[in-house]
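Working notes, structure below.
See below:
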C-alpha cells in the first residue's frame, strides 16, 4: 500500500463520516417532524425554513451548556464512556456497501465486524451508568447491558440464516446474493427477529427501558450534561442509522433497485424508509415491561431464530 | 516473518476509528473552550428529584443479571460456532446438517433445563 | 526493520504495558476497561496471523461477553470494601515462588523453540482466496468434527453449572 493510496483512503473515509454525521443530525430532525405530524403537530418550525436549521442550533446549544460532573463520579470512566459509544457507532459504518463496489473497508467478515462493534458499544452505556454514581444511571446501565446482550444472540442467530442463503459474511456478496429476490422474502422469520433485535440493541421504543424517561429519568444519561450528553445522543442516532443500513444491506437488497436511479440513491431511500419504521413504531407503541422484554428475548426470539436456521438449512439440502 | 502479513484490508478500519475518536475528542475540547463553569456543591450531587441522595448508589442488584450474563457467554459461543458453518454449508452438505443438528440438540437439552429451572423468568 | 517487525513490536509492547496496567489498577472497573483495550490489541495480532475470524471472535466473545460477565460480578460484589483493603494478601510468598518458577521455565525453553516452522497447506494466499470463514468451516466441520461436538457438551456443562451456582445463591 503506497502513501498515495493511504491518503486516498483517509480522504474517502473523512468524506463518508462527514456525510454520515450530517445525516445523523438530520435523522433527529426527521424524527421530530414525523412524530409531530403523526400527533397533528408541526414539529420544529422556528429555526430556518420549516425548522431546517434546528439540528445545528441544537448542537451549538449543547456546546455552550455547562458540563456538570457529579462529585462522587469515577472521572476517567465518566469521560471515556461516551467516546466508546461514538467509536462503536461510527466505526460500524466502515463495512456497509453504499453502491456497487464501494464500501470503506470490504471485509470478508463484515457481519462479524458489525456484531463485534455493537457488543463493544454496550460498554458505553453500562460504564457511563456505573461511573455516574447515581441510582438512576446505575439501574439504567445494568438494564441496558442485560437487554443488549440478550438480544445480541437473537440478532446473531437471525443473521446465520442470511449467511446460509448467501454463503458469505461479506456484505457486498450478500447484496449480490439478493439479485433475484431480497432476503426479506426468502427469510421473513429472520427479518422479523432481526428487526426486533436491532430495536432492542439500539435502545429504541418499544424497548427503551435503559432511558425510560418516566421511570428512570433518563437512565444511564441522567448525570450527563452538555456536549458529553450530546455524544451519547449522537452515538444513539448514529447507531440507529448504521443498524438501519445493516438491515437494508442484509434483507432489503442494499443498493440494488431499478436502473433509473443510481445505486446510492436507492440505498439512502431504503435506509430512510427503515428509519421511518423506527419513528412510526415509536409513535404507535407504548414501552414494554422489563421482565416481559427479557422473557420474550430468551423464550421466543432465540428459539425462533434457531428454528429458522434449521429450516433454512433443511431447505437448502432438499 | 513467513506466515504473517500486514492486514492492509483493515487499514480503513483503523482510519475510521481514528476519525471517530477525533470527532469525539474534538467535540469535548470545543466544549471546554466555550462553555461556562460555575459548580457548587448542590449542583454536583447525584440527581434524585431534588432530595438529598440516600444510601449507596451502586447498591447490590439481582443475581438474575449474573445468570443472564453467564448464559449469554454460552449462547454467544454457540452462535460463533454457527457462523463458519453457515458460510461453508454449501460444501458440507447433508453431513454438515446432521452434525449441526447434533450440536444444537445437545445445547437444546441445556436450554430446556434452564427454562425449567426458571432462569428466564424475571420475577 | 521491516514493516512486519514494527507491527508486531507495537502490538507486543502495548500488550505488555496494558497487561501491567490491568493488574496494577486499584479499581477493578478500571482493570476491565484496560482489558477491553488489551483485547482489541490481541485482535490486531490475530489479524497479523491472517486469522480474521479469530480476531472477530476475540472481540465478540471475550470483549463482548466474558468481560460483561466480569463487570457484572465486580458490580455484584461490594466494590468499596475491596478498594481499601491491602492488595498483597498473605499468600504472596506462594505467588512469588510460582512466578519465579514460571520465569525459570520460560528462560529454559528460550533457545529450544522452532521459530519458523515449515509452512503447511494453509498458506496466506490460499486462505485469502477462500475467505477465512470458509476455510475454518471446511476444516472444523470435517477434520475436527469430534472436538466440535465435544465443545457442545462442554457448553452444556457450563449452562447447567451457571444455573446451579446462581440458584444456590438465591436460596
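Residue numbers (the numbering used here), protein chains in the order written: chain A, 1 to 318; chain B, 1001 to 1123; chain C, 2001 to 2171.
Quick reminder that beta carbons are idealized off the backbone N, C-alpha and C, glycines included.
Shown here for residue 2053 of chain C: same chain residues with a beta carbon closer than 7 angstroms to its own, the five before and five after excluded, namely 2132, 2133, 2136 in chain order.
Given a length threshold of 4 residues, each whole run of the alpha helix (DSSP H) inside the stretch 134-195 of chain A is given here in chain order: 135-166, 171-177, 183-186. If only uninterrupted beta strand (DSSP E) runs of at least 3 residues are considered, none is enclosed by the stretch 24-91 of chain A. Judged by DSSP secondary structure, residue 2138 of chain C falls within the alpha helix (DSSP H) whose first and last residues are 2132-2140. Within chain B, the residues 1087 have their CB atoms less than 7 angstroms from the CB of residue 168 of chain A, given in chain order. Chain order gives the chain B residues near residue 298 of chain A as 1120, where near means a beta carbon separation below 7 angstroms. Think of a sphere of 7 angstroms around the beta carbon of residue 108 of chain A: the chain C residues whose beta carbon falls inside it are 2052, 2131, 2132, 2133, in chain order.
At a cut-off of 8 angstroms between C-beta atoms, residue 1093 of chain B does not count as an interface residue with respect to chain C. For the stretch 2014-2031 of chain C, the set of residues with a beta-carbon nearer than 8 angstroms to any beta-carbon of chain A comprises 2027, 2029, 2030, in chain order. With fewer than 16 other CB atoms across the displayed protein chains lying within 10 angstroms of its CB, residue 4 of chain A is exposed. Within the model, the alpha-carbon separation for residue 252 of chain A versus residue 149 of chain A is close to 25 angstroms. The Cβ atoms of residue 196 of chain A and residue 244 of chain A lie no closer than 8 angstroms to each other.
The distance from the Cβ of residue 23 of chain A to that of residue 241 of chain A is about 6 angstroms, consistent with a contact at the 8 angstroms cut-off. With contacts defined by Cβ atoms closer than 8 angstroms, residue 2029 of chain C and residue 2067 of chain C do not form a contacting pair. Per DSSP, the unbroken alpha helix (DSSP H) holding residue 2009 of chain C starts and ends at 2003-2024. Residues of chain B whose Cβ lies closer than 8 angstroms to the Cβ of residue 14 of chain A are, in chain order, 1019.
Between residue 88 of chain A and residue 121 of chain A a beta carbon distance of about 3 angstroms is seen, short of the 8 angstroms cut, so the two are scored as contacting.
Ranked by Cα distance from residue 2044 of chain C, the options C:2027, C:2160, C:2013 are led by C:2013.
For the beta strand (DSSP E) assignment, the stretch 245-271 of chain A encloses no uninterrupted run of at least 3 residues. Taking 8 angstroms as the CB threshold, residue 267 of chain A stays off the interface with chain B. Apart from sequence neighbours up to five positions away, the residues of its chain that approach residue 17 of chain A with a beta-carbon distance below 7 angstroms are 90, ordered along the chain. Burial of residue 309 of chain A is indicated by the presence of at least 16 other C-beta atoms within 10 angstroms of its C-beta.
Using a CB distance cut-off of 8 angstroms, residue 2108 of chain C does not count as an interface residue toward chain B. In the DSSP assignment, no residue is bridged to residue 2102 of chain C. Residue-level contact by beta carbon holds for residue 1006 of chain B and chain C, with a gap shorter than 8 angstroms. Assignment of residue 1061 of chain B by DSSP, reduced to helix, strand and coil, places it in the coil class.
What residue 2063 of chain C touches in chain A, judged by beta-carbon distance under 9 angstroms, is 116, 119, 120, 123, going in chain order. If you compare the alpha carbons of A:292, A:297, A:131 with that of residue 71 of chain A, the shortest gap goes to A:131.
When the five nearest sequence neighbours on each side are left out, the beta carbons in the same chain lying within less than 6 angstroms of the beta carbon of residue 13 of chain A are those of 104, in order along the chain. The beta-carbon distance between residue 302 of chain A and residue 154 of chain A, rounded to whole angstroms, is 5 angstroms. This is short enough to meet the 8 angstroms contact definition. Under the criterion of beta carbons closer than 8 angstroms, residue 219 of chain A and residue 140 of chain A qualify as touching, at roughly 3 angstroms. Per DSSP, reduced to three states, the secondary structure at residue 274 of chain A is helical.
The beta-carbon of residue 76 of chain A is placed less than 8 angstroms from the nearest beta-carbon of chain C.
For residue 1120 of chain B, there is no enclosing alpha helix (DSSP H), as DSSP gives it neither H nor E. Of the other Cβ atoms in all chains shown, fewer than 16 fall within 10 Å of the Cβ of residue 179 of chain A; this residue is therefore exposed.
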